[in-house]
Structure formats: C-alpha cells, structure tokens
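Here the structure is laid out as structure tokens; the discussion comes afterwards.
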Amino acid sequence: MKIFLAPLQGMTMAAYRNAFARHFGGIDEYYSPFISTSAGEKVNRLLLKDILPENNESSVKLVPQILGNDGIQFKAFAEDISKLGYSRINWNIGCPFPMVTGKKKGAGILSYPEMIKKVLDTVCSGCSYTITVKMRLGMENPEEGMRVMEVLNEYPLGGVIIHARTGQQMYKGNVDLDAFYELATLCNHEITYNGDIFTYNDFLHIIERFPSVKNFMLGRGALRNPFLPSVIKGNTIELKNKTGIVKAFHDEIFNYYRNRLSGDKHLCDKMKEFWDYMHTHFEQNGKFIKKIRKCNRVSEYVKLVDEIFNSAWIDM
43 MKIFLAPLQG MTMAAYRNAF ARHFGGIDEY YSPFISTSAG EKVNRLLLKD ILPENNESSV
103 KLVPQILGND GIQFKAFAED ISKLGYSRIN WNIGCPFPMV TGKKKGAGIL SYPEMIKKVL
163 DTVCSGCSYT ITVKMRLGME NPEEGMRVME VLNEYPLGGV IIHARTGQQM YKGNVDLDAF
223 YELATLCNHE ITYNGDIFTY NDFLHIIERF PSVKNFMLGR GALRNPFLPS VIKGNTIELK
283 NKTGIVKAFH DEIFNYYRNR LSGDKHLCDK MKEFWDYMHT HFEQNGKFIK KIRKCNRVSE
343 YVKLVDEIFN SAWIDM
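Here it is in structure tokens:
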C-alpha cells in the first residue's frame with residue numbers, strides 16, 4: 043500500500059513538503075503543485091524552482107506535476123524536468139477551478155478526449171520518463187470520464203489517480219463511489235483513489251469498498267491532520283505528544299517564510315492558509331480562526347499561536 047500527498051496550490055510547496063516529511067512522514071510520494079506549460083523555445087527555469095533537487099530533501103520522493111493542453115509544450119517541460127532526475131511526471135487533468143477549466147485545461151479537458159489523445163500522442167512518443175495522470179470522474183458527468191479512460195488505456199501510463207468527483211462539483215457535495223468503481227473497473231492502469239479521506243475511519247470505508255485499490259492520495263485530510271498518513275501506515279502517536287510535534291512543524295514553516303516574505307501582512311496571509319486546515323484539531327468554537335483571519339501583524343499572530351499551542355490536540 044502506498045500513500046501519496048496531493049498537490050495543493052500555494053500550500054504544498056517545497057518548504058511544506060520538507061517539513062512534513064521531517065515531522066510526520068507516512069507519505070510514499072509527494073506531488074508538486076502544477077507547473078503550467080507555456081510557449082517558447084526554452085523553459086523558464088524560475089517555473090521549475092519548486093521542484094529543483096536542491097530545494098527538496100532526499101527523504102521527499104517528489105513527482106512533478108504539469109498542467110497544459112498542448113503536447114509540444116508539455117513535452118518540452120517534461121524533458122527539462124526529466125533532466126533534473128525525475129523519472130515520473132504527472133499530468134493534471136483534474137484541477138476544477140474555473141480559471142483553469144475555462145481554458146480547456148485541468149478537468150476542463152475531460153470534455154475533449156480527442157485533445158487528450160493528441161497530447162499523449164506527442165508526449166508518449168520516444169520519452170525517457172513515465173507519465174501518470176490525475177483526473178476527475180469527468181468535467182460535468184461521469185460519462186465523460188469513461189470516454190477519457192478509453193483513450194488513456196491506449197498509452198503506456200504509469201498509473202491513474204482518480205478524484206471521485208466531477209470538475210463541476212469542485213470540492214462540494216459527496217464523492218461518487220459508484221462512478222469511481224465503474225471508472226476504475228474500465229482502467230487498464232494502476233489506480234489510486236483520491237477524495238474525502240479525512241479520518242482513519244474514512245480510509246477503512248474506502249478499502250472495504252475497494253479492496254483491490256492499493257494506492258491512496260490524501261489532500262485536505264492530510265493538511266488538516268498531518269498524523270493521518272502515519273496512522274494509516276499503522277504507526278501510533280501518543281496524544282500528549284501531538285501538540286508539540288505540530289508546533290515544531292508550524293515553527294519551521296513560519297520561520298522559513300518569515301525569512302523570505304516582506305511585510306507583516308504578507309507573512310500573516312501565508313500562515314492563514316496553514317490554519318484554515320489545521321485549526322479544527324485545536325478548537326471547536328471557531329474563535330481562534332476568526333482572530334487569525336483578521337490578523338495582519340506578526341506580533342499579534344505570534345501571540346495568538348502561542349495561546350493555541352497551549353491547547354491539546356483534538357483527535358477526530
């Protein structure tokens with residue numbers, strides 16, 4: 043069984059991945075937030091900064107992810123990425139955000155299987171790396187995903203990650219496990235399940251429903267409870283130690299950005315993202331996160347965080 047950490051734009055950057063591996067572990071592969079392809083004879087190295095080997099610790103097995111719908115551009119990026127030492131590259135055809143889907147990228151391309159075929163014809167021709175795919179059930183309905191899967195089956199992919207929602211759903215509503223089962227059954231490649239694994243009981247429900255699935259991708263669930271991957275792997279962390287571990291994790295990320303971001307507001311805004319996920323394991327009344335969201339001064343932020351770390355971790 044393998045556990046993957048899903049890419050979340052703005053959150054799971056190199057600093058976060060490195061700190062996560064050091065303090066929590068339990069992750070077999072980390073997926074980078076997508077790198078968007080662009081036209082041009084050369085790939086701008088700044089676009090690859092997050093995945094440069096010198097920025098990622100050796101304990102972090104990283105799979106770079108590409109977003110795009112042009113085969114030539116994709117291949118140019120993939121070849122440059124492979125030169126950095128990466129043998130597996132993930133294609134994002136699952137991002138549900140309108141600014142992406144409106145350009146027929148991410149989940150937006152799922153309505154156009156012929157475009158997917160055209161990209162893969164180019165990308166898979168004579169490549170020295172393995173392509174994996176992260177997708178949704180479809181953009182508007184699962185029937186789209188079924189047509190896409192017929193295309194994906196024609197290529198030597200290294201695996202398919204399926205988030206069990208449509209792109210149109212974004213992250214709302216329930217995952218559709220029946221549609222996931224139909225799509226996974228059609229797939230000739232190794233399958234990874236993704237979607238709404240927030241607790242150990244959620245994980246148990248998924249493996250009971252799909253006993254043949256051996257790979258699982260955690261996103262928001264791991265950001266809310268970073269102990270979850272290790273718990274799934276069978277490790278036990280004493281409740282009394284959890285607050286201290288999270289504090290060390292937080293402090294590493296906070297100090298990293300404190301040394302790189304200019305201005306109190308910029309730093310506070312970055313750390314608000316951290317607490318948007320984590321706060322429910324320290325409070326149940328919502329008072330802390332309301333104060334954090336209004337906070338724009340580092341001195342005030344540090345005081346609030348010191349107070350919350352005097353609280354015990356709440357298991358769910």
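By this note's numbering, the letter at position 269 of the sequence shown is numbered 311, and the numbering carries on one by one without gaps. Ideal placement from N, C-alpha and C gives every residue a C-beta, glycine not left out.
Segment contact, 8 Å Cβ cut-off, at least three pairs: the stretch 117-126 with the stretch 144-158: Segments in contact, no.
Local conformation of Arg207 per DSSP, three classes: On the sequence shown, position 165 is the one that residue 207 refers to. Of the three classes helix, strand and coil, the one that applies to Arg207 here is coil, per DSSP.
Rounded separation between Leu309 and Phe291 - CA only: Here residue 309 refers to the residue found at position 267 when the sequence shown is read from its first residue. Here residue 291 refers to the residue found at position 249 when the sequence shown is read from its first residue. For Leu309 and Phe291, the distance between alpha carbons rounds to 16 Å.
Unbroken beta strand (DSSP E) run spanning Trp133, endpoints: As a first step, residue 133 is located in the sequence shown; it is residue number 91 there, counting from the start. Run containing Trp133: Arg130 to Ile135, per the beta strand (DSSP E) assignment.
Burial state of Ser415 (16 or more Cβ within 10 Å): Residue 415 falls outside the range modelled here, since the chain spans only 43 to 358, and no answer is possible.
Beta-bridge partners of Gln107, as assigned by DSSP: Here the question's residue 107 lines up with position 65 in the sequence shown. For Gln107, which the question treats as bridged, DSSP gives the partners Asn132.
Lys256, DSSP secondary structure in three states: Position 214 of the sequence shown, counted from the start, is the residue given in the question as residue 256. In this structure, Lys256 counts as coil in the three-state DSSP scheme.
Distance CB(Val165)-CB(Gly113) smaller than 7 Å: Taking the sequence shown and counting its residues from 1, one reaches residue 165 at position 123. Taking the sequence shown and counting its residues from 1, one reaches residue 113 at position 71. Contact: yes.
Contact belief for Phe62 with Thr234 at Cβ below 8 Å, rounded distance in angstroms: The residue labelled residue 62 in the question sits at position 20 within the sequence shown. The residue labelled residue 234 in the question sits at position 192 within the sequence shown. Here Phe62 is actually not in contact with Thr234; their C-beta atoms are around 19 Å apart, not less than 8 Å.
Nearest-angstrom Cα separation, counted from Glu186 out to Met141: Taking the first residue of the sequence shown as position 1, residue 141 is located at position 99. Taking the first residue of the sequence shown as position 1, residue 186 is located at position 144. Between Met141 and Glu186, the C-alpha separation is close to 20 Å.
Helix, strand or coil at Met141 [DSSP, three-state]: Position 99 of the sequence shown, counting from 1, holds the residue named residue 141. Under the three-state reduction of DSSP output, Met141 falls in the helix class.
Rounded C-alpha distance that separates Lys117 from Asn352: Walking along the sequence shown from the start, residue 117 turns up at place 75. Walking along the sequence shown from the start, residue 352 turns up at place 310. Inter-residue distance for Lys117 and Asn352 is about 50 Å (C-alpha atoms, whole angstroms).
Residues near Gly110 in its chain [Cβ-Cβ closer than 7 Å; skip 5 each side]: Along the sequence shown, read from residue 1 onward, the residue named residue 110 stands at position 68. Cβ contact annotation for Gly110 (same chain, cutoff 7 Å, sequence separation greater than five): Ser78, Thr79, Phe116 and Lys147, in chain order.
Per DSSP, the bridge partner or partners of Val102: Position 60 of the sequence shown, counting from 1, holds the residue named residue 102. Val102 pairs with nothing; no bridge assigned.
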